[in-house]
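Enquirer:
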Amino acid sequence: MPTSSKSGKRTSTRSTDVRSDDQLDQLIHEGGLRITDVEPLPHQGLLVVMLNSGAPLMVRTALFPRLAKAKAEQLNAWELIADGTAIGWHSLDEHLSLKGFLLTEVRNEVMDRLRAQLAQRPSPSKGAGRRPATRSAAAKRKAVEGR
Numbered sequence: 002m003p004t005s006s007k008s009g010k011r012t013s014t015r016s017t018d019v020r021s022d023d024q025l026d027q028l029i030h031e032g033g034l035r036i037t038d039v040e041p042l043p044h045q046g047l048l049v050v051m052l053n054s055g056a057p058l059m060v061r062t063a064l065f066p067r068l069a070k071a072k073a074e075q076l077n078a079w080e081l082i083a084d085g086t087a088i089g090w091h092s093l094d095e096h097l098s099l100k101g102f103l104l105t106e107v108r109n110e111v112m113d114r115l116r117a118q119l120a121q122r123p124s125p126s127k128g129a130g131r132r133p134a135t136r137s138a139a140a141k142r143k144a145v146e147g148r
C-alpha cells in the first residue's frame, strides 16, 4: 500500500482502510451517528437538528449569515446530504456538517461549565491571580555577595 509523506499515515482509495484519530469522526463514521430530521424555527432563529440517537441539537441560524437572512420557505427547503452527515440548502448554497454541529455543541458545553465554575469562586481581591513579586537578578546577586 502506498505511504503518505506524513509519518505513520497511509494513503488509500478505500475509506475502510483509514481510521480517523478524531473521536467525532469515529462517532459519525464508525458509530453511525446521523442527522435524521431538521425543523427550522425561523421566528426563533433556530434549527432543531434531530439525530438518530434521539438527541436534538439546537443550532442558531445567526451563526450562518445565509441562513440568518433566509426566508422561511428557503429554510424549509433543506435536504440531507453525505449519507445524513450534513444538511444542504441548494438555493442558499449552504452546506453544514454534523461534525461542525457537534464541535459547536461540545465547545458550548465546555464554556458553560467553565463559566459556572468561575461564578462559584469568590471574586478575586485586588492583585489576586498575579505571581508574587520577585527580586531582580541584581538584587539577588547583591544578597548572595553580601553574605
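Using the numbering used here, you'd call the opening residue of the sequence shown number 2 and step up by one each time. The beta-carbon is built from N, C-alpha and C at its ideal position, and this holds for glycine as well. None of the values given here were measured: they were computed from a predicted structure.
Is the Cβ-Cβ distance between TRP79 and VAL39 less than 8 Å?
Expert: In the sequence shown, residue 79 corresponds to position 78, counting from 1. In the sequence shown, residue 39 corresponds to position 38, counting from 1. For TRP79 and VAL39, yes; Cβs fall inside 8 Å.
Enquirer: Based on Cα-Cα distance, which residue from ASP94, GLY89, GLU95 and ILE36 lies nearest to PRO57?
Expert: In the sequence shown, counting from the first residue as 1, residue 57 sits at position 56. Ranking the options by Cα distance to PRO57, first place goes to ILE36.
Enquirer: Of the residues GLN118, LEU103 and LEU119, which one's Cα is nearest the Cα of ILE29?
Expert: The residue you call residue 29 lines up with position 28 of the sequence shown. The shortest Cα separation from ILE29 among GLN118, LEU103 and LEU119 belongs to LEU103.
Enquirer: Would you identify the three-state DSSP class for HIS91, choosing helix, strand or coil?
Expert: Position 90 of the sequence shown, counted from the first residue, corresponds to residue 91. Looking at HIS91 - three-state DSSP - the assignment turns out to be helix.
Enquirer: Based on Cα-Cα distance, which residue from HIS91, LEU52 and ALA87 lies nearest to ALA71?
Expert: Stepping through the sequence shown from its first residue, residue 71 is reached at position 70. Of the candidates HIS91, LEU52 and ALA87, the one whose C-alpha sits nearest the C-alpha of ALA71 is HIS91.
Enquirer: Under the rule that 16 or more other beta-carbon atoms within 10 Å means buried, what is LEU68, buried or exposed?
Expert: By 1-based counting over the sequence shown, the position of residue 68 is 67. LEU68 is buried by the Cβ-count criterion.
Enquirer: Would LEU93 pass as an interface residue toward chain C - the criterion being a Cβ-Cβ separation below 8 Å?
Expert: Among the chains in the structure shown there is no chain C, since it carries only a single protein chain.
Enquirer: For GLN75, which residues from the same chain have a beta carbon less than 8 Å from its beta carbon, with the 5 sequence-adjacent residues on both sides left out?
Expert: Counted from its first residue, the sequence shown places residue 75 at position 74. Taken in chain order, the residues that qualify are TRP90, SER92 and LEU93.
Enquirer: For LEU100 and LEU25, which I take to be in contact (beta-carbon distance under 8 Å), what is that distance rounded to the nearest angstrom?
Expert: Taking the sequence shown and counting its residues from 1, one reaches residue 100 at position 99. Taking the sequence shown and counting its residues from 1, one reaches residue 25 at position 24. Here the sequence assigns Lys to residue 100, which means Leu is not the residue at that position. With a Cβ gap of about 5 Å, LYS100 and LEU25 count as contacting.
Enquirer: With PRO41 as the anchor, note down where its beta strand (DSSP E) starts and where it stops.
Expert: On the sequence shown, position 40 is the one that residue 41 refers to. From DSSP, the beta strand (DSSP E) with PRO41 extends over 36-42.
Enquirer: Classify VAL107 as buried or exposed, calling it buried when 16 or more other Cβ atoms lie within 10 Å of its own Cβ.
Expert: In the sequence shown, the residue the question calls residue 107 occupies position 106. Looking at its Cβ environment, which holds fewer than 16 other Cβ atoms inside 10 Å, VAL107 is exposed.
Enquirer: What are the start and end residues of the beta strand (DSSP E) that includes PRO123?
Expert: For this step, residue 123 is matched to residue 122 along the sequence shown. No beta strand (DSSP E) contains PRO123, which DSSP labels as neither H nor E.
Enquirer: Given this structure, state the Cα-to-Cα distance separating ARG61 from ASP84, to the nearest angstrom.
Expert: Numbered from 1 along the sequence shown, position 60 holds the residue referred to as residue 61. Numbered from 1 along the sequence shown, position 83 holds the residue referred to as residue 84. Whole-angstrom Cα-Cα distance: 23 Å.
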